[in-house]
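Below: the structure, in structure tokens.
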Amino acid sequence: LPTVKHGGGNVMVWRCFSHDNVGLIYHIEGIFPNIFKTASVKPIHEKCSKLDCNNYRTKSLLSNISKVLEKSMYSHIYHFHDNSKCLYGRQFGFRLKNFTSHALISITEMISGAINSGSFACCVFIDF
């Protein structure tokens, strides 16, 4: 169960519950300064008339120090979870070298393998 308390104070993350062990509980405390949360939002014209607001998209520009801190935090958290094997091996989408197309290939291979062996194949998709 991931738990996040927003608002600058404590951040608690509960993760790594597997079938055979209770897992690890991580407690991270810290404050990310408000100045680093501020972005300059610029409208970018994409197509057609410049008079129509629907032809623009926004681009948020963060400070360089904020980008460096975010990248550093991401790197530490990603490597920690990768090394501790907290993430399910078939988790696709946001993991390095595990694209959503790999998920489609994997499920296709499982279904075709079940059909070839005469087994029953069933698939349930849940999106939150």
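So in the working numbering, spot 104 of the sequence shown is number 107, and the numbers just go up one at a time. The C-beta atom is built at its ideal place from N, Cα and C for all residues, glycine as well.
Taking residue i as part of the beta strand (DSSP E), name the residues at either end of that continuous run.
i	result
I140	This structure cannot speak to residue 140, because the chain is shown only from 4 to 131.
K62	59-64
Leaving aside the five residues before and after residue i along the sequence, list all residues of the same chain whose C-beta is less than 7 Å from its C-beta, in chain order.
i	result
L72	F39
R60	I47, E49
I110	C126
With residue i and residue j assumed to form a contact (beta carbons below 8 Å), what rounded beta-carbon distance in angstroms separates them?
i	j	result
K62	K74	Actually they do not touch by this definition, with Cβ atoms about 18 Å apart.
C126	I114	7 Å
L90	H84	5 Å
Under DSSP, the alpha helix (DSSP H) around residue i begins and ends at which residues?
i	result
K74	67-86
S115	103-119
F39	37-40
Within a Cβ cutoff of 8 Å, which residues of the same chain sit near residue i, ignoring the five residues on either side of it in sequence?
i	result
A117	F123, A124
N58	H48, E49, K50, C51, S52
Practice prompt. Could you say if the stretch 64-71 and the stretch 89-107 meet the contact criterion of at least three C-beta pairs nearer than 8 Å?
Written response: Short answer: they don't touch.
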